[in-house]
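These notes concern the structure reproduced below.
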Amino acid sequence: MSRSAHPAGPRHADVLTEGHYTAPPADLNALDEKVWARTVSRNDDGAVTVGGIEVTRLAEEFGTPAYFLDESDFRARCRAWADAFGPGADVFYAGKAFLSRAVVRWLKEEGLNLDVCSGGELTTALDAGMPAERIAFHGNNKTVAEIERAVQAGVGRIVLDSFQEIVRVSHIAQRLGKRQRVQIRVTVGVEAHTHEFIATAHEDQKFGIALAGGQAAEAVRRALTLDGLELIGIHSHIGSQIFDMAGFEVSARRVVQLLAEVRDEHGIELPEIDLGGGLGIAYTSDDDPREPHEIAKALGDIVTRECEAAGLATPRISVEPGRAIVGPTAFTLYEVGTIKHLEGLRTYVSVDGGMSDNIRTALYDAEYSVALVSRRSDAEPMLVRVVGKHCESGDIVVKDAFLPSDLAPGDLIAVPATGAYCRSMASNYNHALRPPVVAVRDGEARVIVRRETEEDLLRLDVG
Ligand code: LLP
Numbered sequence: 170m171s172r173s174a175h176p177a178g179p180r181h182a183d184v185l186t187e188g189h190y191t192a193p194p195a196d197l198n199a200l201d202e203k204v205w206a207r208t209v210s211r212n213d214d215g216a217v218t219v220g221g222i223e224v225t226r227l228a229e230e231f232g233t234p235a236y237f238l239d240e241s242d243f244r245a246r247c248r249a250w251a252d253a254f255g256p257g258a259d260v261f262y263a264g265k266a267f268l269s270r271a272v273v274r275w276l277k278e279e280g281l282n283l284d285v286c287s288g289g290e291l292t293t294a295l296d297a298g299m300p301a302e303r304i305a306f307h308g309n310n311k312t313v314a315e316i317e318r319a320v321q322a323g324v325g326r327i328v329l330d331s332f333q334e335i336v337r338v339s340h341i342a343q344r345l346g347k348r349q350r351v352q353i354r355v356t357v358g359v360e361a362h363t364h365e366f367i368a369t370a371h372e373d374q375k376f377g378i379a380l381a382g383g384q385a386a387e388a389v390r391r392a393l394t395l396d397g398l399e400l401i402g403i404h405s406h407i408g409s410q411i412f413d414m415a416g417f418e419v420s421a422r423r424v425v426q427l428l429a430e431v432r433d434e435h436g437i438e439l440p441e442i443d444l445g446g447g448l449g450i451a452y453t454s455d456d457d458p459r460e461p462h463e464i465a466k467a468l469g470d471i472v473t474r475e476c477e478a479a480g481l482a483t484p485r486i487s488v489e490p491g492r493a494i495v496g497p498t499a500f501t502l503y504e505v506g507t508i509k510h511l512e513g514l515r516t517y518v519s520v521d522g523g524m525s526d527n528i529r530t531a532l533y534d535a536e537y538s539v540a541l542v543s544r545r546s547d548a549e550p551m552l553v554r555v556v557g558k559h560c561e562s563g564d565i566v567v568k569d570a571f572l573p574s575d576l577a578p579g580d581l582i583a584v585p586a587t588g589a590y591c592r593s594m595a596s597n598y599n600h601a602l603r604p605p606v607v608a609v610r611d612g613e614a615r616v617i618v619r620r621e622t623e624e625d626l627l628r629l630d631v632g
């Protein structure tokens, strides 16, 4: 990402020594459609609207901080992924990005499948009526109880993550008198270009079974021999927030090589491959994500080509986008509180949330955008750091951004592209109350996850 020099002008810009910043945008009131949900726009009065409703009204009704999710955008993105991959492939939405019962119902209605990675996500999916056969169950350390529940429910696939788990799932399936469809997750040895915490295909890490040294081939051998398992394919997930398709291509190629080895050794062609999720989205105007149809074409072409070369029938492909579906569809609305101008250093704009509703900046050094949304302003741009209200100096929401210099306490600002891994990674740090998620569509707003209350906190604290 670019770290361009800062032009003279905006307050304090000359003393900034770290962080990401670019020149102030030509118009601070403009909303870059790359980072904002599709129905977001600024009306003639200067207020921003989503789904036709002004954010000022939303703040009055639902309070701040709050996540507002553009339901029609979410549904449109689901359809774009499903259409791009077509009937010959399967799209599994990765529930870890954000899951609620409403989301499960939208996925079901839009024809997507669902990837869950915990008992809690599985419960949410089943409770909201997702057919079990459309659910994939993931995780590097699924508990026996979770596996039992998944097998009992009849999930469409369990993605096996270790040698021990191959045995565990086989035993459980036999005990329950079932034959469980499974995939084996392999690590293909790709160094994905993303933050080290969210890269998952290099060998030194906790996920999957390495292709290297014949370990994945051995896992296939065992899964084919043990009763209670129906091995349907191979799974690879290389990481998250990735823009470069090269890693996916290497991954696809190596997985197809394994399919060819399996055919040579066992005389069977595994019918499916799953290439995981991980497609990047735009958090700032500098990011240029790919459209689902480009991704589908790139992945489809490489798998087809490699299979032809290996003399294999093309397997059914599945993918697991989480962030790319829900990420861009929501923004977090905050009220501005204290504004501190540290002369010669920096301007801190404090909001009524922070690392408890968005840990990504602190954890991954993630970049975000921000805009004044309750009104229009033609004041000079001011370079600021948006921080939360937690007792920690790492409590940063947006490292460096431009906001109008007449910004004042009580203004509403919004951080776009917070649909993925924000509410789902939210915490109660400092006994913060986790914000609600409000779905907005066609002039109507409804709470899909309510705001936590102090009673919720006290109820868990049993004295
Ligand atoms: N499939 C598997 C097996 C995964 O482990 C993940 C993400 C996905 C699919 C979905 O990846 P996506 O399309 O959403 O990138 N908390 C981090 C991201 C962790 C992702 C973990 N696995 C963040 O906030 O960036």
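Using this note's numbering, the first residue of the sequence shown is number 170, and each one after it goes up by one.
Beta carbons are placed, not taken as given, at the ideal position from N, Cα and C, and that holds for glycine.
Contact between D580 and S543 is confirmed by a C-beta separation of about 6 Å, below the 8 Å threshold.
Per DSSP, the unbroken alpha helix (DSSP H) holding R244 starts and ends at 240-254. With a cut-off of 8 Å on Cβ pairs, the stretch 590-609 is in contact with the stretch 250-268, counting three or more such pairs. A heavy atom of ligand 1 is found nearer than 8 Å to the CB of L448. Inclusion of H404 and G383 in the CB contact set at 9 Å is not warranted, their separation being larger than that value. Rounded to the nearest whole angstrom, the C-alpha separation of I316 and N310 is 10 Å.
A residue is called buried when at least 16 other Cβ atoms come within 10 angstroms of its Cβ; D213 does not meet this threshold and is exposed.
Boundaries of the beta strand (DSSP E) around E504: 499-511.
Not one heavy atom of ligand 1 falls within 8 Å of the beta-carbon of Y452. Taking the Cα positions, D611 is about 30 Å away from P194.
Relative to the Cα of Q410, the nearest Cα in the group A379, G446, G402 belongs to G446. Buried is the label assigned to P490, since at least 16 other Cβ atoms lie within 10 Å of its Cβ. When distances are taken from the beta-carbon of H371 to the heavy atoms of ligand 1, even the shortest one reaches 8 Å or more. If you draw a straight line from the Cα of A531 to the Cα of A614, it is about 30 Å long. With 16 or more neighbouring CB atoms inside 10 Å of its own CB, L502 falls in the buried class.
Put simply, of D575, E202, C560, D455 the residue whose alpha carbon is nearest the alpha carbon of A192 is D455.
Checking the 8 Å criterion, the Cβ of M594 is within range of a heavy atom belonging to ligand 1. Residue state for D296 is assigned as helix, using DSSP reduced to three classes.
Beta-bridge pairing by DSSP links R350 to E399. Excluding five sequence positions before and after S525, the CB atoms of its chain that fall closer than 8 Å to its own CB belong to G557, H559, A595, S596, N597, Y598, N599, A601, R603, given in chain order. Its Cα nearest to that of F306, the residue V351 stands out among F332, V351, I407, G280. The beta carbon of L295 is closer than 7 Å to those of A301, A322 in its chain, skipping five residues each way along the sequence.
Taking C-alpha positions only, S210 is separated from V219 by approximately 7 Å. Taken through DSSP and simplified to helix, strand or coil, N282 comes out as strand. DSSP places R391 inside the alpha helix (DSSP H), whose first and last residues are 384-394.
Counting along the chain, Y533 sits inside the alpha helix (DSSP H) bounded by residues 529-533. In this structure, F237 and V609 form a Cβ contact; the two beta carbons are roughly 6 Å apart against a cut-off of 8 Å.
Per DSSP, R603 lies in no beta strand (DSSP E) segment and is marked neither H nor E. Annotated as distal: A263 and E504, with beta-carbon spacing of 9 Å or more. When secondary structure is reduced to three states using DSSP, I464 falls in the helix class. Approximately 7 Å separates the beta-carbon atoms of V224 and A583; this is inside 8 Å, confirming the contact.
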